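Protein chains in written order, with full-length UniProt numbering: chain A, 1 to 211; chain B, 1 to 211.
Just so you know, even glycine gets a beta-carbon here, dropped at the ideal spot from N, CA and C.
Since the model is a prediction, treat every value here as computed from it, not as a measurement.
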DNA sequence: CAGAAATTTTTCCGCCACGGCAAGTTTTGC
DNA sequence: GCAAAACTTGCCGTGGCGGAAAAATTTCTG
């Protein structure tokens with residue numbers, strides 16, 4: 001394995017991560033723009049400037065390539081939760097890191113541009129694909145495991161005997177999903193941030209850390 | 001279309017339903033016994049005595065073929081809910097129909113036979129397959145729609161303006177999923193019926209129909 | 001009941017997904 | 001530098017998937 005957890009990433013590792021995210025992003029972009037059915041692995045490989053075979057070395061298929069970006073974000077959230085000052089209250093830390101990832105660059109509040117609408121519709125359609133949903137379920141399970149560990153570490157409890165961390169992870173995951181889905185279907189379009197913020201605030205009230 | 005909703009099913013329709021369930025059951029059996037990866041559509045078609053192409057005329061793939069049995073059961077539950085006497089309290093009716101479908105032929109309570117264990121393990125493995133999970137998500141959405149309509153019809157409310165029916169459908173669906181998953185992982189093995197029964201009882205208390 | 005009409009099943013065919021294997025390249029570590 | 005390790009690539013066989021038209025079956029009609 002890699003004994004060092006982070007900093008001195010060799011050139012090789014950096015390049016790998018680079019192509020990995022490039023492939024994932026390319027897959028998402030093409031599928032949102034053209035629709036799931038109208039994208040072949042060959043198209044994706046072409047956009048990312050690698051061979052078809054290389055795409056397959058990274059991902060087992062379009063679905064996994066798309067879900068990968070989702071996993072990365074969830075894992076990043078768990079990591080950032082660990083990086084928060086230990087003195088900060090649990091739910092303040094959670095709200096902070098989650099909103100930092102999902103808040104995004106606040107859209108100009110005015111009327112939605114035609115291209116923004118096309119993108120939203122494309123994403124919604126893409127997310128409806130069963131092949132992708134399955135992969136997302138899998139991704140969420142993995143991500144929630146990591147998040148639960150981060151929570152357990154923070155409040156100093158054993159994840160094996162205390163369900164609280166898992167509960168928090170599951171609930172935060174569910175809230176994120178609902179918020180995203182809401183922002184994709186709401187009319188007029190709504191930003192994810194504020195909705196998610198209110199949800200987390202309510203959840204925090206009901207789920208204060210056990211004494 | 002078919003103006004008559006049911007009874008006088010022609011020979012043709014009967015045969016179609018027959019091969020449909022035959023294909024679905026064959027797919028489930030083979031995948032549970034051999035594992036998802038080790039089953040080709042050709043194998044399934046062979047078992048069901050039809051051509052590979054015919055399998056494809058019925059289902060888009062293994063996943064859909066398996067999920068089909070699940071959908072049928074859920075839709076059957078919704079139908080049976082409609083058939084219950086209108087005087088029966090809502091949650092009594094729900095509990096009745098759900099347990100009738102999920103109760104199954106009560107297993108002999110003694111030690112689990114080796115083959116029963118293999119089956120349980122096979123099912124658990126199969127259900128972990130992302131391709132299948134996606135299809136199940138889709139199936140649940142459809143089934144819950146039907147169930148919600150049945151509930152709305154029963155308590156005489158408009159499903160478009162009242163969330164109660166949808167809530168009940170979602171909750172019953174979730175309880176069913178959890179109960180099944182629990183019965184597949186619990187040690188020692190547990191029957192679905194009793195677990196589900198208790199869950200529904202609790203839910204009924206919290207979700208009495210709105211005045 | 002024969003023959004037409006409608007529908008399903010099957011055969012044939014091509015495209016794409018998927019993954020093992022054996023070069024060909026690039027990065028790493030000494 | 002140079003050899004080993006790791007990554008990329010092309011090749012190719014198996015299987016999933018679906019369009020199109022022939023063959024078989026059921027249903028309809030005179």
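Item: Between the Cα of residue 28 (chain B) and those of B:157, B:120, B:79 and B:113, spot the shortest distance and give me the residue it belongs to.; Value: B:120
Item: Can you have a look at residue 212 (chain B) and say buried or exposed, based on whether 16 or more other CB atoms are within 10 angstroms of its CB?; Value: There is simply no residue 212 (chain B) to check, as chain B begins at 1 and stops at 211 in what is shown.
Item: Where does residue 182 (chain A) sit, in a helix, a strand or coil, going by DSSP?; Value: helix
Item: Mind checking which residues open and close the alpha helix (DSSP H) that includes residue 95 (chain B)?; Value: 90 to 102
Item: Taking residue 24 (chain B) as the reference, which of B:73, B:13 and B:10 has the closest Cα?; Value: B:73
Item: Quick check: what's the CA-CA separation for residue 104 (chain A) versus residue 71 (chain A)?; Value: 17 Å
Item: Would you say residue 37 (chain A) faces chain B, with C-beta separation under 7 Å as the test?; Value: no
Item: Compute the distance between the beta-carbons of residue 52 (chain A) and residue 63 (chain A), then report whether it is under 7 Å.; Value: no
Item: Do you know offhand how far residue 158 (chain A)'s Cα is from residue 124 (chain B)'s?; Value: 27 Å
Item: Could you work out which residues of chain A lie near residue 180 (chain B), taking near to mean beta carbons separated by less than 9 Å?; Value: Simply none; closest approach about 15 Å.
Item: Of all Cβ atoms in chain B, is any one closer than 7 Å to the Cβ of residue 137 (chain A)?; Value: yes
Item: So, at 8 Å on beta carbons, what are the nonlocal neighbours of residue 193 (chain B) in its own chain, with the 5 sequence-adjacent residues on each side left out?; Value: 99, 102, 103, 104 and 106
Item: Excluding the 5 residues preceding and the 5 following residue 134 (chain B) in the sequence, name in chain order all residues of the same chain whose CB lies nearer than 8 Å to its CB.; Value: 63
Item: By DSSP, does residue 85 (chain A) sit in helix, in strand, or in coil?; Value: coil
Item: Give the range of the alpha helix (DSSP H) segment to which residue 221 (chain A) is assigned.; Value: Residue 221 (chain A) is absent from the model: chain A starts at 1 and stops at 211.
Item: What does residue 144 (chain B) touch in chain A if you count any residue whose Cβ is under 8 Å from its own?; Value: Here the premise fails: no neighbours, minimum Cβ distance about 15 Å.
Item: Is the CB-CB distance between residue 55 (chain B) and residue 41 (chain B) below 7 Å?; Value: yes
Item: Is there a Cβ of chain B sitting closer than 7 Å to that of residue 130 (chain A), yes or no?; Value: yes
Item: With distances taken Cα to Cα, identify the nearest neighbour of residue 138 (chain B) among B:90, B:30, B:67 and B:14.; Value: B:67
Item: Given this structure, state the Cα-to-Cα distance separating residue 77 (chain A) from residue 170 (chain A), to the nearest angstrom.; Value: 14 Å
Item: Taking the C-alpha atoms as reference points, what is the distance between residue 184 (chain A) and residue 198 (chain A)?; Value: 17 Å
Item: Between residue 201 (chain B) and chain A, is any beta-carbon pair separated by less than 7 Å?; Value: no
Item: Would residue 213 (chain A) pass as a contact of residue 82 (chain A) if the rule is Cβ separation under 7 Å?; Value: For residue 213 (chain A) there is no data in the structure shown, the boundaries of chain A being 1 and 211.
Item: Chain A beta carbons: is any one of them nearer than 7 Å to that of residue 134 (chain B)?; Value: yes
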